[in-house]
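Peer 1: Residue numbers (my numbering), protein chains in the order written: chain L, 65 to 158; chain F, 259 to 583; chain V, 61 to 342.
Note that CB positions come from ideal geometry on N, CA and C, so glycine has one too.
Take a look at the following structure, please.
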C-alpha cells in the first residue's frame, strides 16, 4: 500500500458572508490534518475565516464531453437575464 | 527559467481531435484536467510543471543557507517568510501537476533519481548576505518576468497556480532590492558585498531563461500549445531592460561591460552568458548540484518515518472509528 | 574575563558594562525592580528567540512541504514574540539597546533562555517533542502573564497566547499521532522524550528574581506552572502511548546564563554579521 498522503481539495471563505471558494489542494493523512495544513498553506496572508477540505477522490465532476447538453440549453433562456427587458428610464432604477 | 530546456513530446493522435484541441487553444480557452488533450501536451506539461515545482523546492536551499545568519530579527523574519513562500509555490505547482495523473511522490523520486531537473540557478552558492538581496531581486525578478507571462498559459491549473504565485512573489523582488539597497548605500564593506553578489549572480540569472530558442522545434510546439508564451530571448531582453536601471540606481558597477543602451533597438545590448557553463551545470557540474541533491535526498529519507507514522496513525484512527460505529 | 571584542568597539562600552551583568558579576549586581523586570523579559524573549532559531534551521529540510510551511509559521510567530519581549526589555533597561542589540550583541552568559530550547534539533521527532514540552509550559505561562500588573506585559502575552494556542494544539497532536503511529515512530518519540525530559525541570525552578517578580504580580512564580504543565503532558503522553520517564533530575542554569556547549555555536552563526561588521545597518 502506498504511504503517500492522500490529496485534498481546499475551499476557503475569504470574508464573512462570501461563499467558500476552491483555492487549491494539498496532501494530508486525514481530514483534521488537512484542515491544519490548509490553515498553514493557504491562509498565510490572512486570506480566510473558514476552511473546508474534501478528499480529492470524493469529488464527482461533470464530464467535459457533456458540456453541450449540460450548459448550452441555458444559453437560449435569455429571458432569465435582467438586460432582456427594456424598462423606460422614467420609472427609475429597477 | 524555472523550467529550462523542456522538451516537447511529439504527438501522433487523431488529426481531427488534434485540430479541435488546437482550435480551443487558439481561441484562448483554458484546457482543464478532464478535457481531452494530446499525450504530448500532457507529458510536456508534467515535465515543465514538475521542473518548475522542483525549482521552488530546491530553491529553498540557497536562501535557507542564510536564515540562521540573518543580521536582524526583521531580516530573519522576512527571509523565513520568503523561503516559506517558495515551499508554498512548490506545493501549488506539484498539485497542478497532479491533476495530470502523476503523484507528488513520483515526481520527487524522479527528481532524486536525476530523471528530472530543476533550474540551473539554484546550483550556485549564496556566499555573502548581499546574495540574499540579489537572489530576491535578480533571481525572483527573472522568475517573475517569466511567471507573469505564464499566467496566460493554456492549462487551467498551471495558469491558476501562476496567478497565485505572482501575487505572492511581488514581495520577493521588493524585499530583495530593499536588502541590497541598504548595503549598497551602507558601509564600504557592505557595498563591496553587494557588488560581489551582483557580479556573481548576473550571468547565472541571465541563464535562467535558457539558451536562445529561435531554432528549437520543441519551443515551437510548446508555443503553439501556449505552454510557453514568449521566447527565451524576449524574456531575457525584458529582464535586462528592467534590471539595468535598478543596478545603476544602487551606484554599483554593471556586471557586464557589454551592457550598453542601443538607441536603434530601444533595448540594452548585453554579453551572452557562457553557455558551456550552463550545460555543465545542467549535467550536474555546477558548484552546488551535489550538495543540493544530497540535502533533498536527506530530507526525503530522514522524513520517511514521519510521513509513514502519520499515515499509520490516520489508518488506525479510521479503523477504530469504524469499529466503534 | 575580558569583555567581548565588540563591546570594546562600542562607544558606550562603559555603559554596557554597567548594565549588563557580565560573567561573574551577577552576584554584585544591585537589585532593583527595573533590573528584575529586565531579567524577566529577557528570559521570555530569549526562549522565543532561541527556539525560533532552532525551528528555522529546518527550513527546506523537513520531511514534507506541508511541514516546511507549518514550521516556518511557528518560527515566524516566535521571532515576532522575541521582537516584542526584547523590545520591551530594551525599553525597560533604558540603555539604548533595542531588540536587535539584545539578540545579536550579548554573549552567551547574558542569555537567559531555558536549556531545553537550545538543545539541537536532532531528528524530527526530537524537534517536535521539544516543541511540545515547551508549548505545554508556554501556554500557561502566557495565560498567567495576561494578568500581569504590568499592562505592557499583559498586552504582549495576549497577542502571543493566540499564536501559542495553535502551537500547542499542533505539537500535542503530532506527538500523539507519532507516538501512536508505527513501531519506528513510537520508538523515536519515546527516545526523544527520554533525552529531553531532564531539561524540563528547569521550567519550574524559581530563583530570587522570579520570587520578587511574582511578589509584585508582574510574572507568575515558575513553581505554579508545574500543575497545568503536568496535566497537559500526562494526558498527551498517555494518548500517545508513551511512557513518562521516572527520573526527576533537572539540568539547570540557562535562566541564570549558564548554558550548554551548543549555545556558543548557535550564537556564532546567529551573531556573525553583527559582530563582524559593527555599526553597519542591515
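1) Would you tell me roughly how many angstroms separate the C-alpha atoms of residue 210 of chain V and residue 109 of chain V, rounded to the nearest one?
2) Determine, for residue 142 of chain V, whether the minimum Cβ-Cβ distance to residues of chain F falls below 9 Å.
3) At a Cβ threshold of 9 Å, is residue 105 of chain L touching chain F?
4) Could you check how far apart the C-beta atoms of residue 282 of chain V and residue 261 of chain V are, in whole angstroms? I think they sit under 8 Å.
5) Would DSSP call residue 164 of chain V helix, strand or coil?
6) Which one of V:258, V:90, V:155, V:340 has the shortest CA to CA distance from residue 179 of chain V?
7) Please list the partners that residue 109 of chain L has in chain V, where partner means a Cβ-to-Cβ separation under 8 Å.
8) Kindly identify the DSSP beta-bridge partner or partners of residue 86 of chain L.
9) Please name the residues in the stretch 324-353 of chain F whose beta-carbon is closer than 7 Å to at least one beta-carbon of chain V, in chain order.
10) Between the C-alpha atoms of residue 238 of chain V and residue 249 of chain V, what's the straight-line distance to the nearest angstrom?
11) Tell me, to the nearest whole angstrom, how far the beta carbon of residue 362 of chain F is from that of residue 91 of chain L; I am working on the premise that it is less than 8 Å.
12) With DSSP as the reference, label residue 387 of chain F as helix, strand or coil.
13) Is residue 229 of chain V buried or exposed, if buried means 16 or more other CB atoms sit within 10 Å of its CB?
14) When you compare only the Cα positions, how much space is there between residue 84 of chain V and residue 333 of chain V?
15) Residue 578 of chain F versus chain V: which residues are under 7 Å apart at the beta carbon?
16) Inspect the beta-carbon positions of residue 419 of chain F and residue 353 of chain F and report whether they are closer than 9 Å.
17) Got a sec: which bits of the stretch 155-171 of chain V sit with their beta carbon under 8 Å from any beta carbon on chain F, in order along the chain?
18) Could you tell me which of V:106, V:205, V:193 sits nearest to residue 295 of chain V, measuring between CA atoms?
19) Given residue 398 of chain F, which residues of its chain have a CB within under 8 Å of its CB, disregarding the five upstream and five downstream residues?
20) Note down, in chain order, all residues in the stretch 169-202 of chain V with a beta-carbon under 9 Å from any beta-carbon belonging to chain F.
21) Of all the options V:322, V:100, V:111, V:327, which has the alpha carbon lying nearest to the alpha carbon of residue 187 of chain V?
22) Can you check whether the CB of residue 263 of chain V is closer than 9 Å to the CB of residue 168 of chain V?
23) Would you kindly work out how many angstroms separate the C-alpha atoms of residue 507 of chain F and residue 190 of chain V, rounded to a whole number?
24) Nearest-angstrom Cα distance between residue 158 of chain L and residue 139 of chain L?
25) What residue range does the beta strand (DSSP E) around residue 520 of chain F cover?
26) For the stretch 546-571 of chain F, list every residue whose C-beta sits within 9 Å of some C-beta in chain V, in sequence order.
27) Taking the straight line between their C-alpha atoms, what separation do you get for residue 131 of chain V and residue 181 of chain V?
28) Cα separation between residue 442 of chain F and residue 458 of chain F?
29) With DSSP run on the structure shown, which of helix, strand or coil describes residue 364 of chain F?
30) Under 8 Å, with one C-beta from each stretch per pair, do the stretch 270-279 of chain V and the stretch 88-106 of chain V reach the 3-pair mark?
31) Within the same chain, show all residues whose beta-carbon is closer than 7 Å to that of residue 99 of chain L, passing over the 5 residues directly before and after it, in chain order.
32) Residues of chain V with CB closer than 8 Å to the CB of residue 395 of chain F, please, in chain order.
33) Under 9 Å, Cβ to Cβ, is there at least one residue of chain F near residue 65 of chain V?
34) Under 7 Å, CB to CB, which of the residues in the stretch 219-241 of chain V have a partner in chain L?
35) Terminal residues of the continuous alpha helix (DSSP H) containing residue 118 of chain V?
36) Just checking my contact of residue 271 of chain F with residue 297 of chain F at CB under 8 Å: how many whole Å lie between their CB atoms?
Peer 2: According to the structure data:
1) Position 150 of the third chain holds residue 210 of chain V. Position 49 of the third chain holds residue 109 of chain V. Roughly 22 Å separates the two Cα atoms.
2) As a working note, residue 142 of chain V is residue 82 in the third chain. Residue 142 of chain V counts as touching chain F.
3) Against the first chain, residue 105 of chain L aligns to sequence position 41. Yes, its Cβ sits closer than 9 Å to a Cβ of chain F.
4) Taking the third chain and counting its residues from 1, one reaches residue 282 of chain V at position 222. Taking the third chain and counting its residues from 1, one reaches residue 261 of chain V at position 201. That belief does not hold up - the Cβ atoms of residue 282 of chain V and residue 261 of chain V are roughly 10 Å apart, past 8 Å.
5) Walking along the third chain from the start, residue 164 of chain V turns up at place 104. Residue state, collapsed to three classes: helix.
6) Within the third chain, the letter at position 119 stands for residue 179 of chain V. Ranking the options by Cα distance to residue 179 of chain V, first place goes to V:258.
7) Here residue 109 of chain L refers to the residue found at position 45 when the first chain is read from its first residue. The premise fails here: residue 109 of chain L is roughly 12 Å from chain V at the closest Cβ pair, so nothing lies under 8 Å.
8) If you number the first chain from 1, residue 86 of chain L lands on position 22. For residue 86 of chain L, which the question treats as bridged, DSSP gives the partners L:75.
9) 325, 326, 327, 329, 330, 331, 333, 334, 335, 338, 339, 341, 342, 345, 346, 348, 349
10) As a working note, residue 238 of chain V is residue 178 in the third chain. As a working note, residue 249 of chain V is residue 189 in the third chain. Going from the Cα of residue 238 of chain V to the Cα of residue 249 of chain V covers about 7 Å.
11) Here residue 362 of chain F corresponds to residue number 104 of the second chain, with the count starting at 1. Here residue 91 of chain L corresponds to residue number 27 of the first chain, with the count starting at 1. 7 Å between Cβ atoms; contact.
12) If you number the second chain from 1, residue 387 of chain F lands on position 129. Here residue 387 of chain F sits in coil by DSSP.
13) Within the third chain, numbered from 1, the residue matching residue 229 of chain V stands at position 169. Result: exposed.
14) What you label residue 84 of chain V is simply residue 24 of the third chain in a count that begins at 1. What you label residue 333 of chain V is simply residue 273 of the third chain in a count that begins at 1. A caution first: residue 84 of chain V carries a pLDDT of 46, below 50, which makes its placement in the model unreliable, though a value can still be read off. Using only the alpha carbons, I get a separation of about 27 Å.
15) Position 320 of the second chain holds residue 578 of chain F. Those do not exist, as residue 578 of chain F stays about 10 Å from chain V at its closest Cβ, beyond 7 Å.
16) Looking up residue 419 of chain F in the second chain gives position 161. Looking up residue 353 of chain F in the second chain gives position 95. In this structure, residue 353 of chain F lies closer than 9 Å to residue 419 of chain F by Cβ.
17) 159, 160, 163, 164
18) Residue mapping note: residue 295 of chain V aligns to position 235 of the third chain, counting from 1. Of V:106, V:205, V:193, the residue nearest in Cα terms is V:193.
19) Mapped onto the second chain, residue 398 of chain F falls at position 140. Counting only Cβ-Cβ distances below 8 Å, and skipping sequence neighbours, we find 427, 430, 431, 434.
20) Flagged, chain order: 183, 184, 185, 188.
21) Numbered from 1 along the third chain, position 127 holds the residue referred to as residue 187 of chain V. When only C-alpha atoms are compared, the closest one is V:111.
22) Residue 168 of chain V sits at position 108 when you count from the first residue of the third chain. Residue 263 of chain V sits at position 203 when you count from the first residue of the third chain. No, the Cβ-Cβ distance between residue 168 of chain V and residue 263 of chain V is not below 9 Å.
23) The count along the second chain starts at 1 and reaches residue 507 of chain F at position 249. The count along the third chain starts at 1 and reaches residue 190 of chain V at position 130. Using only the alpha carbons, I get a separation of about 47 Å.
24) Looking up residue 158 of chain L in the first chain gives position 94. Looking up residue 139 of chain L in the first chain gives position 75. Their Cα atoms are separated by approximately 24 Å.
25) Within the second chain, the letter at position 262 stands for residue 520 of chain F. That run of the beta strand (DSSP E) goes 518-520.
26) If the cut-off is 9 Å between Cβ atoms, the stretch 546-571 of chain F has 553, 554, 556, 557, 558, 560, 561, 562, 563, 564, 565, 566, 567, 568, 569, 570, 571 near chain V.
27) As a working note, residue 131 of chain V is residue 71 in the third chain. As a working note, residue 181 of chain V is residue 121 in the third chain. Using only the alpha carbons, I get a separation of about 13 Å.
28) Counting from 1 along the second chain, the entry for residue 442 of chain F is found at position 184. Counting from 1 along the second chain, the entry for residue 458 of chain F is found at position 200. Approximately 16 Å between the Cα atoms of the pair.
29) Position 106 of the second chain holds residue 364 of chain F. Helix at residue 364 of chain F.
30) Because the criterion of three Cβ pairs below 8 Å is met, the stretch 270-279 of chain V and the stretch 88-106 of chain V touch.
31) Locating residue 99 of chain L in the first chain gives position 35, where the first residue counts as 1. 115, 117.
32) Mapped onto the second chain, residue 395 of chain F falls at position 137. Within 8 Å Cβ-Cβ: nothing; residue 395 of chain F doesn't reach chain V, min ~15 Å.
33) As a working mapping, residue 65 of chain V is identified with position 5 in the third chain. With a pLDDT of 45 at residue 65 of chain V, under the threshold of 50, the modelled position of this residue cannot be trusted, and the question is left open.
34) 230
35) Residue 118 of chain V sits at position 58 when you count from the first residue of the third chain. Note, residue 118 of chain V: premise wrong, no alpha helix (DSSP H); not H, not E.
36) Sequence index remark: in the second chain, residue 271 of chain F carries index 13 (1-based). Sequence index remark: in the second chain, residue 297 of chain F carries index 39 (1-based). Between residue 297 of chain F and residue 271 of chain F the Cβ distance is about 7 Å, and since that is below 8 Å, they are a contact.
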